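For reference, the structure is listed below as structure tokens.
Numbering (this note's numbering), first residue to last: 11 to 148.
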């Protein structure tokens, strides 16, 4: 089962908002480094589980920078060269399950990762990501 475009777009927008918020709230001290300028957003095929797992099979990959979003090669990997507490290129792994949930894991550094779970709702033909729950932090 392929992820529908409207759900994909809602999840992409969630990743872009998260990425942009990291930049707005970033520490300005040089010791911390600078946040990544791009994020590699990896969509996995639907999984049959109710808990987070790494994406095992990719369906689509996008690269976002403040200038644009573009499709990337399906086997693209983020540049994880360290830059203070950050990596050079952030990454996100996303998948949905048959229970109408979506999982997004963000990686901005070796000790800067977050995983969220959302309920995906279709209300009047608008996709909403509700009931955000932080699953884990590293």
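Heads up, the beta-carbon is just placed ideally off N, CA and C, and yes, glycines get one too.
Remember, it's a predicted structure, so these values are computed and weren't measured experimentally.
Beta-carbon proximity list for residue i, same chain, < 8 Å, skipping 5 on both sides
i          : result
residue 60 : 107, 109 and 111
residue 67 : 54 and 55
residue 44 : 36, 93, 94 and 96
Same chain, Cβ closer than 7 Å to residue i, neighbours up to 5 away in sequence not counted
i           : result
residue 131 : 138 and 140
Residue i versus the options, residue with shortest Cα-Cα distance
i           : options             : result
residue 123 : 129, 42, 146 and 78 : 146
residue 58  : 82, 105 and 126     : 105
residue 20  : 133, 148 and 144    : 133
Close Cβ partners of residue i (< 6 Å) along its chain, the five nearest in sequence each way excluded
i           : result
residue 103 : 52, 65 and 115
residue 11  : Legend: pLDDT at residue 11 = 40, less than 50; position of this residue unreliable, value from coordinates given subsequently. So the qualifying residues of the chain are 56.
residue 80  : 73
DSSP three-state assignment for residue i, whether helix, strand or coil
i           : result
residue 11  : In this prediction, residue 11 has a pLDDT of 40, which is less than 50 and means its spatial position is unreliable; nothing more can be read from the coordinates.
residue 101 : strand
residue 68  : strand
residue 23  : helix
residue 59  : coil
Bridge partner(s) assigned by DSSP for residue i
i           : result
residue 124 : 116 and 147
residue 47  : In the DSSP output, where bridge partners are listed per residue, residue 47 has none listed.
Is the number of C-beta pairs between the segment 23-34 and the segment 45-53 that are closer than 8 Å three or more? yes
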